[in-house]
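Protein chains in written order, with my numbering: chain A, 120 to 335; chain B, 2 to 299; chain C, 4 to 25.
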């Protein structure tokens, strides 16, 4: 059988022990491209992880007493599930009316998207990007672009702070991140950081929203 | 012969030598070079020098170190013991080149072929004798490759010594034959007492002479080929015999610089201009610079 | 992680043959 090598946060290890299927690899939409992508869902803590893969040719693994071709290295990093919910809310938003969430988050191509409905504090999350109405104790949601842009702006600011804290080279010259002198950072202007952070966030939102965010 | 150093690490090269007879630092000496184990597909190749005062060549001849090829293994051992006894007659030194060193030299990215390895080893041993203070005036070498070119290179390297490179030198010059005996004794012993770094379960040392056409050797190679790791390091991976078995029995491996890369058909120039449909947006440079992309399948 | 691709997913006697060294 194929074997995969993953870098995942330590605390996830007992998730797979605590309950059967504690960790599930599922295919969901990539909110930027609309294509499929692999995610990891932690059923215990109801937490979503995106999977990035380091792929370079001519590598393989020795894993204990076996060899595994390909030599791929997978990374699982926590991801804000609101990016995925947003994908469905924007799609439904085109109809311009309030809808119950379980009619919005549906996808015959990626049926596992219903797992997103199990996320804790879902209503709190949704308030960042939707207008809501309550009728007979049932909640109805409608996508709000204004609120979403405000939410995304916060994301960009958090990302700028993280880029600085991690000394990521945002200079316009595309250089390998490994070779740069720290004083380079000071010369990078605030605008470079914002542009870079916008670009990074745009990997998780549709093109149209990315353009709106850029103007915003 | 004490090969304990070799047994500690038989993946590189190790040098052994006798004490230098005092007389060899005073009187002009003749030095012979020869090697053993050039042809076999397994085990080390051993380069040896033997040197003795010109005035004592007759005594060396008297030892009956005739053409070493005509001697049996036990006769060689006996003669070697006698040379060791006669400490003020001959001195010797040898380089044991492990199969791993041979393979990695020949298969390295920059090829270092067997002839160059041989020439450099012989040169190194002659230099070693000079560094030990031996008054070498003549050197006789059994040829490897083209005698003239080899002779010229050695003569350039050691202008103050008379160098003679000749085929079958071990049958012509007793000091070369003595070197050949040292080399063969060392090689036989190294092969016989080979310490496998690989903890082989069904270890059997029944690999015959080690020559590629020896049926025992071929059978042993086939018995011990491992699809991922090839062979134990006793084997010279760069030998055709070994490669033939690997090509048949072992898994394929691709390297960054493996030839297939170059053979890959060059794309038609037009293909660079045809748009390949809506190109999926490239990942952000943060990921590109780190070789990361979204996993779309497991 | 090996700097070459072994084109197989299979058992391999790694403990016996592979002695990592710097």
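Backbone N, C-alpha and C define an ideal beta-carbon position, used for all residues, glycine too.
**Request:** Name, going along the chain, the residues of the region 173-202 of chain A whose beta-carbon falls closer than 9 angstroms to a beta-carbon of chain C.
**Result:** 176, 177, 178, 179, 180, 181, 182, 183, 184, 185, 186, 187, 188, 189, 190, 192
**Asked** Checking contacts by CB at 9 angstroms: is residue 15 of chain C closer than that to chain A?
**Response** yes
**Prompt:** Which term fits residue 249 of chain A, buried or exposed, when burial requires 16 or more other beta carbons within 10 angstroms of its beta carbon?
**Reply:** buried
**Prompt:** Cβ of residue 277 of chain A less than 9 angstroms from any chain C Cβ?
**Reply:** no
**Item:** Nearest candidate by alpha-carbon position, reference residue 212 of chain A, set A:267, A:198, A:132, A:120
**Value:** A:267
**Request:** Please list, in chain order, all residues of the same chain as residue 171 of chain A whose beta carbon is under 6 angstroms from its beta carbon, the five residues on each side excluded.
**Result:** 194
**Message:** Quick check on the DSSP output: what are the complete alpha helix (DSSP H) runs of length 4 or more inside the region 28-70 of chain B, in order along the chain?
**Reply:** 58-63
**Prompt:** Among residues of its own chain, excluding the 5 on either side of residue 271 of chain A, which ones have a beta-carbon nearer than 6 angstroms to its beta-carbon?
**Reply:** Taking residue 271 of chain A as the centre and dropping the five residues before and after it, the same chain places the C-beta of 332 closer than 6 angstroms to its C-beta, in chain order.
**Asked** Which value, in whole angstroms, describes the spacing of the CA atoms of residue 137 of chain B and residue 23 of chain C?
**Response** Roughly 44 angstroms separates the two Cα atoms.
**Cut-off 6 angstroms between Cβ atoms - residues of its own chain near residue 113 of chain B, not counting five sequence neighbours on either side** = Only residues of its own chain outside the window of five on either side were considered, and among them 106 have a CB closer than 6 angstroms to the CB of residue 113 of chain B, listed in chain order.
**Request:** Hey, could you find the ends of the beta strand (DSSP E) residue 94 of chain B is sitting in?
**Result:** For residue 94 of chain B, the uninterrupted beta strand (DSSP E) run begins and ends at 92-98, by DSSP.
**Request:** Jot down the residue ranges of each uninterrupted alpha helix (DSSP H) in the region 230-290 of chain A, minimum 4 residues, whole runs only, in chain order.
**Result:** 241-245, 264-284
**8 angstroms contact criterion, which residue 61 of chain B and residue 191 of chain B should meet: CB distance rounded** = In fact, because the Cβ distance is near 25 angstroms, the residues do not count as touching under 8 angstroms.
**Request:** Sort out for me which residues DSSP pairs residue 221 of chain B with in a bridge.
**Result:** Looking at the DSSP assignment, residue 221 of chain B forms no beta bridge with any residue, so it has no partner.
**Item:** Reduced DSSP category for residue 118 of chain B - H, G, I as helix; E, B as strand; rest coil
**Value:** helix
**Asked** CB-CB under 7 angstroms to residue 100 of chain B, same chain, minus the five flanking residues each way: which ones, in chain order?
**Response** 43, 44, 45, 234, 235, 236, 237
**Prompt:** Exposed or buried, which one is residue 130 of chain B when buried takes at least 16 other CB atoms within 10 Å?
**Reply:** buried
**Minimum length 4: unbroken alpha helix (DSSP H) runs contained in the region 142-230 of chain A** = 201-212, 220-223
**Asked** From what residue to what residue does the alpha helix (DSSP H) around residue 167 of chain B run?
**Response** In this chain, residue 167 of chain B is not harboured by any alpha helix (DSSP H); it is covered by the beta strand (DSSP E) spanning 163-167.
**Message:** For a quick check, are the C-beta atoms of residue 7 of chain C and residue 255 of chain B less than 9 angstroms apart?
**Reply:** yes
**Message:** When you compare the CB of residue 6 of chain C with every CB in chain E, is at least one pair closer than 9 angstroms?
**Reply:** Protein chains A, B and C are contained in the structure displayed, whereas chain E is not.
**Request:** Decide if residue 84 of chain B is buried, meaning its Cβ has at least 16 other Cβ atoms within 10 Å, or exposed.
**Result:** buried
**Item:** Nearest candidate by alpha-carbon position, reference residue 255 of chain A, set A:232, A:275, A:219
**Value:** A:219
**Item:** Cβ of residue 221 of chain A within 9 angstroms of any chain B Cβ
**Value:** no
**Per DSSP, the bridge partner or partners of residue 286 of chain B** = Note: residue 286 of chain B sits in no beta bridge, so no partner.
**Request:** For the beta strand (DSSP E) holding residue 252 of chain B, just list the boundary residues, first then last.
**Result:** It is not in any beta strand (DSSP E) - residue 252 of chain B carries neither H nor E in the DSSP assignment.
**DSSP three-state assignment for residue 137 of chain B, whether helix, strand or coil** = Residue 137 of chain B carries a strand assignment under DSSP once its states are collapsed to helix, strand and coil.
**Message:** Buried or exposed for residue 104 of chain B, going by 16 or more other Cβ atoms inside 10 Å?
**Reply:** buried
**Request:** Can you tell me the Cβ-Cβ gap for residue 229 of chain A and residue 148 of chain A, rounded? I've got them flagged as a contact below 8 angstroms.
**Result:** 5 angstroms
**Asked** Is the region 215-232 of chain B close to the region 17-27 of chain B, with three or more CB pairs under 8 angstroms?
**Response** Verdict: no, contact absent.
**Item:** Any chain A beta carbon closer than 9 angstroms to residue 81 of chain B
**Value:** no
**Asked** Expressed to the nearest angstrom, what Euclidean distance is found between the alpha-carbon atoms of residue 134 of chain B and residue 59 of chain B?
**Response** 23 angstroms
**Prompt:** So residue 81 of chain B and residue 186 of chain B are in contact, right, with Cβ under 8 angstroms, and what is the actual spacing, rounded?
**Reply:** 5 angstroms
**Item:** First and last residue of the uninterrupted alpha helix (DSSP H) at residue 6 of chain B
**Value:** 5-9
**Prompt:** Which chain C residues are close to residue 121 of chain A, counting only those with a beta carbon under 7 angstroms from its beta carbon?
**Reply:** Per Cβ cutoff of 7 angstroms: 12.
**Near-chain C residues of the region 245-258 of chain B - C-beta to any C-beta below 9 angstroms** = 252, 253, 254, 255, 256, 257
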